[in-house]
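For the record, the sequence lines run as chains A and B. Residue numbers for the first sequence follow this note's numbering, so the first one is 3 and each next one is one higher. Residue numbers for the second sequence follow this note's numbering, so the first one is 3 and each next one is one higher. Beta carbons: idealized from backbone N, C-alpha and C, even for Gly. Shown next, in C-alpha cells, is the structure this report addresses.
2 protein chains.
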Amino acid sequence: MNTLSLMRSAAFITLMFASASASAQALSDLKPSAEPLVLQSQGSFFVGGRTVETENAGWSDMKAIFGEPFEAGKVLIDQMYVQFQTPPKPTHTPIVFMHGGLLSSKQWETTPDGRMGWYEYFTRQGFPTYMAEQTGRARSGFNATIFNQVRDLKIAPSEQPRVYLGTSNMAWKVFRFGPKMDEAYPVQQFPLDHVDEFYKQVIPDMFETQVPSLLDELISPETKNPTVDNFADLAHELGGAILLGHSQSAGFPTQAVLKAKGGIKGIIQLETGCFSNLTDDQVKTLAKVPILVMVGDYLGEHPDAACVKEMDQIKAAGGDMTFISLPDVGMKGNSHMFMQDKNNLEVADLIIKWVSEHVDKK
Amino acid sequence: MNTLSLMRSAAFITLMFASASASAQALSDLKPSAEPLVLQSQGSFFVGGRTVETENAGWSDMKAIFGEPFEAGKVLIDQMYVQFQTPPKPTHTPIVFMHGGLLSSKQWETTPDGRMGWYEYFTRQGFPTYMAEQTGRARSGFNATIFNQVRDLKIAPSEQPRVYLGTSNMAWKVFRFGPKMDEAYPVQQFPLDHVDEFYKQVIPDMFETQVPSLLDELISPETKNPTVDNFADLAHELGGAILLGHSQSAGFPTQAVLKAKGGIKGIIQLETGCFSNLTDDQVKTLAKVPILVMVGDYLGEHPDAACVKEMDQIKAAGGDMTFISLPDVGMKGNSHMFMQDKNNLEVADLIIKWVSEHVDKK
C-alpha cells in the first residue's frame, strides 16, 4: 500500500465515524455569528409566470371533501421565486445568486456543518443580496400536469419528463469530494464530516419539464429556459444587478445578457459556464459586461480549457473577462461546492474584491 | 338583479381590471418597513431524513458528460428543511410555522401585495421564528424514484402517486375568496387585486409520494407522515417550541404531540385541524398542551362544528383549548389565507396575545 492509498484509507475510516456520529446534529451544529445582523429590509417575491389550462389537477378522489372534483382549471407555471435581504447602507452593486442542478437556494445559506453561508455574508459585506430559485425547482414549483396525464393513461409513460436525482455517489464524484465514493481527496475543503447534511440539500431536478434537453442547455448561448428570461427580467426590474450562477446555472447570466433586457452589471460564473459557439454579435454584447469565472481544485492541468476560446473572443472585442482557478491563487482543495467549503468566506472575499474593482467602480 | 348580485358584479369588474394591471409588478409592489430589522441570528438546517437505494436516477442519457451513467445509488429522502431568524432579546416562546397544502414557507413571507408577512412580524415581536417546509415539498425535496420507474416501464402508470395541483378556481373557492370564480365576497380581506401573485405561491403537492391517502391523514390522529415525525423532533431539539399548522397541516401539531417526544409548548391550528376520534389516552396527552384554533370568515353558522367534540373532551380532561372565529371577535371578511389578508398583522396580534397568556406564562 503506497502513501497515497494509506492516506485515502485513513481519510475513509475517519469519515465513516464522523458521518455516523453527525446524524441528527443539524440544529446543534449551528454556529451563528456573535454580531447581530442589521437589515434594512427582507422579503420575497416572484418574477414571471404564465397561466395554462389543466384537465388533470389530481383531485378526482377528493370530491367528498370539496363537493366538486376540481380536475380542470387554470394553473400558474414558469414563475421564479426570489428571496432578498438588504443592508441599511449598501456599499456594493446588488447581487443575485442562482443555485445549481439538484439544489435550491438553500445552497447559499448555512453550510452543512453550520457555518455562515454566502447569503448572510454578502449582506453583511454591504450587498443587497437576492437568491433566485430556478423556475421548476423548490418554491418556484414546476409544470406538473403531464405526470397526472401519464398516471391517467392519457399520455405514454415514455413522454414523461425525466426527474434527475442526485445520488450520493454522483455528488461525491461530480462535486469533487474525492476520486471515488467515500474516498476523499487528500486536501479537501468541503466539510465531509457533515456530508449527510449536504445530501439533504439535494432534491429532485425537474429541468426536463421545461426544456427538451438539459445537455443542449449547457452548450447553447440561446435558450427557451424560462428561468433565464426571469433572471434577465429580475436584473432589469432591479435597475441593475450582478447575476451569479453556479454549475448547471453557470451559463445563465451569459444567456440572460443575450436576452438584451438591460440591467446586468456583471456576470459571475462559478464552475465554468463558458460557451464555445458565440456569434460575433453575441461576443460584442458580452464584451460590455465584466465577467468573472471561478473554479475550484482537482480539475486537471487545464481547468480553463472550456473558457479559453470565449476569453480570447471577449478580450479581442475589448471586454473584461477574468478567470480564477482557486489553487492557482493559493487556495488548495476546494470542491465544486466552494460556497460551502471550510474557506468559503475567503473565497467570497476574492469575489467581492473582483466586484469592487470591475463592477462597482464603473 | 338584486343588490348582492350587483355588488358582486361590480367587484368582479374591478377585480378584472386590477388583475390585468397588476402583472409583473411583484418587485415594485414591495412595501418594506421603515424600521431596520435586527437579528441575533439567521440560517437554515434540516431535520430527519433517511437513505434509500435508487436504480433510476434519470441520468442514462448523460453518460457523455459524466463518463458513467450514475443511474444507481443512494438518495436521501424524508428530510425537512427549516429556516429561522431570532431577535437579539427574545420575549416569547419560539414558534414554528408549517405551511398548508399546495404551498411552501413562502406563505409566511411578504404578502402577494408586498406587505410584511408573519415570519418577519413575529420576529419583530420577539419570537425566535422558524418556518418548516413539509417533507415532500419545495426545498425539502420528495421521493422521486417511482416517477422514473414509470417512465422506464418498470412500474404501471396507475401506481404513480397523484400530484395535486392548485387550480385558480379551486383556490378561489376553497380559500374562500368568493362564492364562485372571479366573484369576491362583499367584504373580503384578501388582497384580490394581487391574486395572480398568490397563484404563483401555489406549487405541485407531492403528498401522495409519502402516504397512501391525503384524506386519511386529515382525519387520523395517528400518522406515518414523515413531516409529523420531523415536526415533533424539531420541537424536541429546540428544547421547547409552539407548533403552528395551517389547513392541510393544521392537524400536524396535534399529531406531533401524540408522538410523545416532548418539547411542544403550545399548539396553534389555523383553519381547523381538530380530530373527532381521539382515544382517552390521547385526550389526556393533549390536555397537557395549550391549544388555539383560529378560523376566518364565511364558514357558515357553526364554524366550530368540527372542533366541538375535541374541545369538550380536552376541557373535561382539564385541558386548555381556545376557539377563535375571527368574525365573532369583530374581524370580518377574512379568507382561508388570513396570514396574507389586509389585516394580517391584527390577526397576528390576537395570536400573540393568546401565546402571552396561555403559553409564555407557564
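* In terms of alpha-carbon separation, which member of Leu29(B), Ala28(B) and Leu41(B) lies closest to Pro34(A)? -> Leu41(B)
* To do: Please report how far the alpha carbon of Thr147(A) lies from the alpha carbon of Glu359(A), in whole angstroms.
  => 47 Å
* Asked: Mind checking whether Val297(B) and Ser337(B) have CB atoms under 7 Å apart?
  -> no
* Asked: What residues from chain A crowd round Trp170(B), counting only those whose CB sits closer than 8 Å?
  -> Inspection of the sequence shows that residue 170(B) is occupied by Ser rather than by Trp. What Ser170(B) touches in chain A: Thr53, Gly75, Lys76, Val77 and Leu78.
* Is DSSP giving Thr169(A) helix, strand or coil here? -> coil
* Asked: How many Å lie between Thr256(A) and Pro96(A) at the Cα?
  -> 17 Å
* Report the three-state DSSP secondary structure of Met118(A) (helix, strand or coil). => It is coil, neither helix nor strand.
* Sort Gln151(A), Met323(A), Ser170(A) and Leu167(A) by Cα distance to Phe161(A) and report the nearest one. => Here the sequence assigns Glu to residue 161(A), which means Phe is not the residue at that position. Closest option to Glu161(A), Cα to Cα, is Gln151(A).
* Three or more C-beta pairs closer than 8 Å, one from the segment 316 to 326 of chain B and one from the segment 85 to 95 of chain B: is that the case here? -> no
* To do: Please determine if the segment 78 to 89 of chain A and the segment 135 to 146 of chain A are in contact, where contact requires at least 3 C-beta pairs separated by less than 8 Å.
  => yes
* To do: In angstroms with no decimal places, state the Cα-to-Cα distance between Ile353(A) and Gln109(A).
  => 17 Å
* CB-CB length for Asn345(B) against Gln250(B), believed under 8 Å -> Not quite, the Cβ-Cβ distance comes to about 23 Å (not below 8 Å), so this is no contact.
* Cα-Cα separation between Ser106(A) and Phe47(A), rounded to whole angstroms -> 16 Å
* Asked: Grouping DSSP H, G and I as helix and E and B as strand, with all else coil, what is Leu6(A)?
  -> In this prediction, Leu6(A) scores a pLDDT of 38, lower than 50, which makes its location untrustworthy; the coordinate-derived value is nonetheless stated afterwards. Note: Leu6(A) maps to helix in three-state DSSP.
* Asked: Tyr201(A): which of Gly168(A), Thr229(A) and Ser222(A) sits nearest, CA to CA?
  -> Gly168(A)
* To do: Please compile the residues from chain A whose C-beta is within a distance smaller than 9 Å of the C-beta of Tyr374(B).
  => No statement about residue 374(B) is possible, as the shown extent of chain B runs from 3 to 364 and does not include it.
* **Spatial distance of Phe86(A) from Arg126(A) (CA atoms)** => 13 Å
* **Any chain A beta carbon closer than 7 Å to Ala24(B)** => Below a pLDDT of 50, predicted positions are generally treated as unreliable, and Ala24(B), at 36, falls in that range; the measurement from the model is reported next regardless. For Ala24(B), the answer is no, since every Cβ of chain A falls outside 7 Å of its Cβ.
* Would Pro163(A) be called buried (16 or more neighbouring beta carbons within 10 Å of its own) or exposed? -> buried
* Candidates Leu155(B), Ala140(B) and Ile205(B), of which the one nearest His170(B) by Cα -> Residue 170(B) is actually Ser in this sequence, not His. Residue Ile205(B) is the option with its Cα nearest to Ser170(B).
* Asked: Mind pulling the chain A residues with CB within less than 9 Å of Pro61(B)?
  -> This sequence places Trp at residue 61(B); Pro is not what is there. Taking a Cβ-Cβ threshold of 9 Å, the residues of chain A close to Trp61(B) are Arg164, Tyr166, Leu167, Thr169 and Met172, in chain order.
* Name the chain A residues whose beta carbon is nearer than 7 Å to that of Glu111(B)? -> Gly45 and Ser46
* Using a Cβ cut-off of 7 Å (strictly closer), state whether Phe124(B) contacts chain A. => no
* To do: Determine the contact status of Thr53(B) and Gln342(B), defining contact as a CB-CB distance below 7 Å.
  => no
* Name the chain A residues that come within less than 8 Å of Phe277(B), Cβ to Cβ? -> Result: empty, since nearest Cβ-Cβ is about 16 Å, beyond 8 Å.
* Applying a beta-carbon distance threshold of less than 9 Å, which residues of chain B neighbour Ser249(A)? -> Under the 9 Å cutoff, chain B gives no residues; its nearest Cβ is about 12 Å from Ser249(A).
* Backbone CA spacing between Leu78(A) and Asn232(A) [nearest angstrom] -> 14 Å
* Closer than 7 Å to chain A by CB, Asn232(B) -> no
* To do: In the DSSP assignment, find the alpha helix (DSSP H) that holds Phe68(B) and state where it starts and stops.
  => Lys65 to Phe68
* **Alpha-carbon to alpha-carbon, Gly335(B) and Ile15(B)** => Model confidence at Ile15(B) stands at a pLDDT of 35, short of 50, so the residue's coordinates are unreliable; what they give is reported in the following sentence. Near 19 Å, if we compare the C-alpha coordinates of Gly335(B) and Ile15(B).
* **Arg153(B) versus Leu217(A): straight-line alpha-carbon distance, rounded** => 19 Å
* Following the continuous beta strand (DSSP E) through Met100(B), name the residue where it begins and the one where it ends. => Ile97 to Met100
* Using a C-beta cutoff of 7 Å, does Ile205(B) count as contacting chain A? -> yes
* Below-7 Å beta-carbon distance, Val213(A) vs any chain B residue -> Using a CB distance cut-off of 7 Å, Val213(A) does not count as an interface residue toward chain B.
* Asked: What did DSSP end up calling Val176(A) once you bin it into helix, strand or coil?
  -> helix
* Between Leu347(A) and Phe149(B), what straight-line distance do the alpha-carbon atoms span, to the nearest angstrom? -> Rounded to the nearest angstrom, the two C-alpha atoms are 39 Å apart.
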